[in-house]
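Take the sequence shown: its letters are residues 7 to 644, numbered as in my numbering. Each residue gets a CB set at the ideal place from its N, CA and C atoms; glycine is no exception. Please read all numbers here as calculations on a predicted model, not as lab measurements. Report on one structure; see the data block that follows.
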Amino acid sequence: MPPAASLASRIVCVPPRCCADQSTLPIRSTGVCVHQKDCPSGKKSNPGDASISLKARMRQLLDEQLLQTVFQPIVDMRTGEVAGHEVLTRPATESGLENAEELFSSSESTGSEWELEALARRLAIEAAADWPAGSLLFMNSSPGVLADPRFVQQIVRELQGSQGVVPSRIVLEITERCRDSEFANLPHSVEALRRSGFHIAIDDVGAGTSGLNRIMSLRPDWLKLDRELVDQIDRDKVRQHMVRFLVHFARLSGINVIAEGIERLEELDMLIELGVGYGQGYLLGRPGAPVKNIERQLAHRIRTRAQTSKDTVRQDLRGTSVRSLAREARIVDSTTTVGEAATSMLHDLRQPGLVIVDGERFAGWCDRDAILRAASDGRSVLPISFLVGSKRTTIDASMPLVEALELAGGRDDHSIGSPLVVLDDARIVGVISVADLLQAAAEACRSTQFRNVSLTGLPGRVRTDLHLREMLDHARPGRCYDVGFVDLRGFATYNHAFGFEWGDQLIQKLVTQIRHSLLCDVDDAFIGHLGDDQFIVTAPGGVLEANLQSFITEFERSASMYTPATDTQETQPGVRVMILLAAVPTCREPQELYRARSQLRLMLDRGRGTSSASGLSQSIRLHATEACGELARLRVSA
């Protein structure tokens, strides 16, 4: 959390310095210590008078609404846009309370937590009424209040009486560092809130009690990474590995991740590279009035870093892909009434439901049956946003088919049949039914001629050979292509030291670097996976040669950051690159290219190539006429 404590934030009450007994909590009152009667200060305590004074002070604060509400922006780390704000509540100066910590510790001492949080919520909702459509409002709630049986109905009534704020825009953060077992009703309340359309976030992940057990029991929609994980993450590989694990888990579980406490550009860059979707901290914006945009140069930096640091491999759209499975869906605004939505359902019997948007932001999915049932039981005048449950229904358009199946199958029995909504960043592409997913999986299993390698999603050997044959048979005069062979050096040692899972992730990292650093995302390029750690690339003449050194440098840097720390450099992987210049149209058959690869590798083994400054990587460039010279002479003689 930022230095300004947020609504119902961690309750920390520090005894006065005059008290030797640090195990008791004080009730503060001017000039009076309410701890032990034998306090070293010599002042006699009068707990009853202090308690009455504190109760009166809290009563005055609640009656006169002596609270100050400020907001801190939460930024989308793919676009640089402000996705929403977290509300931070502080006592007004005239309240007599020094800070937010004292405010909420006083509410606990006087039993006024329920009233205080209700007042803070109301002020926040009123302030957010005129925000742009789609802006999220993050509000903190202590588990004790959230688990109260009255809470769900209370907050729904508060929103129904407001203008412009709907449940799908509210993210409720569970902030207390206490054991959920103390509040047996908490999971039930969380599920009821989710069914009503609210989003649930777990705060301070990586600290205190906000651990894996809490995540498993509450199944949140958002995870907020504690500042402890973010601080100096660019210099700490252990922190990087932990965040990478949480991001991967969240991606497969349909959960959004926010990194809190970002204060340095280097931290921001590393978090983007690790795939964290949202950020919050002094670097992005201090608490204050709501803002529409962050500083322009910072937003541009975020967009640029996000584009070049994607850890996921884009799918080849010429084959079966999640994007290609999406079907058009009916989209309605969150202000549409249930009655209007039901009428549209009756006019089109084939529609399984509606995609709900709040402005341009996806708000949720409503099943046909839920809409018609609500229209028939007296809720037809309600905005449809009150029917939206925050179930995990979205997937990224670049998500591999296997991961989409895992996400769909991991939902609960009530939502497993709902379609998945495909998003390209924030833009809605369409929906995919579970039946379409299963059919695509069956076709992928049957396909052999055009199958991709499952680890990388790239074309395998059969499809690669077809591509090479197509290039060689249709070579155009004056247009040449270079062919490169890329593999890892020391990969067997790396696998032995760290295991196959780390090895698989290193291969995926290599593919990302090939795309962005060696090919620089040129349109007329191709990557094929020949097996294990071996890849083949084709690109217009000059592209591979121009980018070779920067690719090697960037891969070694990235691999060094990714590899677990060891006492020896022997486990650090390198890369081997062999480029056959003007391979098309010089060569005639795909097999000539593979024989040339063997010749280039032999030349490297004999020291004819170039080594990187670290000695980890090797490269060699040779014109196809020289590499295939013997084959060319045989053709002429024939």
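**Asked** Secondary structure at Gly436, three-state DSSP: helix, strand or coil?
**Response** strand
Count the CB pairs spanning the region 130-142 and the region 346-355 that are closer than 8 Å, and state whether there are at least three.
no
| task | Please report how far the alpha carbon of Val171 lies from the alpha carbon of Asp364, in whole angstroms. | result | 10 Å
Review point. In whole angstroms, what is the alpha-carbon distance linking Arg336 and Ile438?
Key: 13 Å
Short of 6 Å in beta carbon distance, which residues of its chain neighbour Glu272, apart from the five on each side in sequence? Order them along the chain.
Asp240
Is it the case that the Cβ atoms of Ala630 and Gln605 are separated by a distance below 8 Å? no
- Looking only at DSSP bridge pairs, what is Val211 linked to? Leu231
Return the CA-CA distance between Asp210 and Arg156, expressed in angstroms with no decimal places.
26 Å
Subject >> Whole runs of the alpha helix (DSSP H) within the region 136-173, excluding any shorter than 4 residues >> reply: 149-152 and 157-166
request  = Per DSSP, which residues does Val81 bridge with? Please list them.
outcome  = Val88 and Gly285
>> Just verifying my parser: in three-state terms, what is the DSSP assignment at Thr95?
In response: strand
Item to check | Assigned secondary structure, Ala565 (DSSP; H/G/I helix, E/B strand, else coil) | outcome: helix
Point to revise | Close Cβ partners of Leu119 (< 8 Å) along its chain, the five nearest in sequence each way excluded | key: The amino acid occupying residue 119 in the given sequence is Glu; Leu does not appear at that position. For Glu119, where only same-chain residues beyond five positions count, the Cβ hits under 8 Å are Ala14, Phe110, Ser113, Ser148, Gly150 and Val151.
Helix, strand or coil for Asn52? Go by DSSP, reduced to three states. The pLDDT assigned to Asn52 is 44, lower than 50, so where the model puts this residue is not dependable; a value taken from the coordinates is nonetheless given after this. Three-state result, Asn52: coil.
| field | Boundaries of the alpha helix (DSSP H) in which Ser112 is found, first to last residue | value | Ala106 to Thr116
- Task: Write down the C-beta distance between Ala589 and Leu599 rounded to the nearest angstrom, noting that I regard them as a contact closer than 8 Å.
- Result: 6 Å
Worksheet item: Cα-Cα, which of Arg603, Asn191, Thr592 and Gly615 is closest to Pro483?
Response: Thr592
**Study point:** Neighbourhood of Ala638 by C-beta distance below 6 Å, restricted to the same chain and skipping five residues each side
**Key:** Any reading at Ala638 must be qualified, since the residue scores a pLDDT of 48, below 50, and its modelled position is unreliable; no value is offered.
Return helix, strand or coil for His1, following the three-state DSSP convention. Outside the shown range of the chain (7 to 644) lies residue 1, about which nothing can therefore be said.
Report task. Assuming Leu610 contacts Ile585 (C-beta within less than 8 Å), just tell me the rounded distance between them. Result -> Incorrect: roughly 12 Å between the Cβ atoms, too far for contact.
Worksheet entry | Straight-line gap, Gly212 to Leu235 (C-alpha atoms, nearest Å) | 7 Å
Margin query: Quick check on Gln578: does DSSP put it in helix, strand or coil?
Written below: coil
Pairing CB atoms from the region 295-306 with CB atoms from the region 254-269, are three or more of them under 8 Å?
no
Just to confirm before moving on: does the CB-CB distance between Ile264 and Tyr284 stay below 8 Å?
yes
- Would you report the Cα separation of Arg201 and Val162, rounded to the nearest angstrom? 12 Å
request  = Report the rounded CA-to-CA distance for Ala619 versus Asp82, giving the unit in angstroms.
outcome  = 38 Å
query = What residue does the alpha helix (DSSP H) around Ile268 start on, and which one ends it?
reply = Looking at the DSSP string, Ile268 is not in any alpha helix (DSSP H), and its letter there is neither H nor E.
query: Across which residues does DSSP place Ile533 in a beta bridge pair?
result: Val543
Start-end ranges of the beta strand (DSSP E) lying completely within the region 338-421, minimum 3 residues
359-364, 367-373 and 400-402
So, for Tyr551: in the same chain, excluding its five sequence neighbours on each side, which residues have a beta-carbon less than 8 Å away from its beta-carbon? Reading off the sequence, residue 551 comes out as Glu, not Tyr. Contacts found: Asp488, Ile585, Leu587 and Arg627.
Measuring only the C-alpha atoms, how far is Gln238 from Gln313? 23 Å
Requested in this report: Compute the distance between the beta-carbons of Arg582 and Arg467, then report whether it is under 8 Å.
Outcome: no
* Asked: At what residues does the alpha helix (DSSP H) containing Ile221 begin and finish?
  -> Leu218 to Leu224
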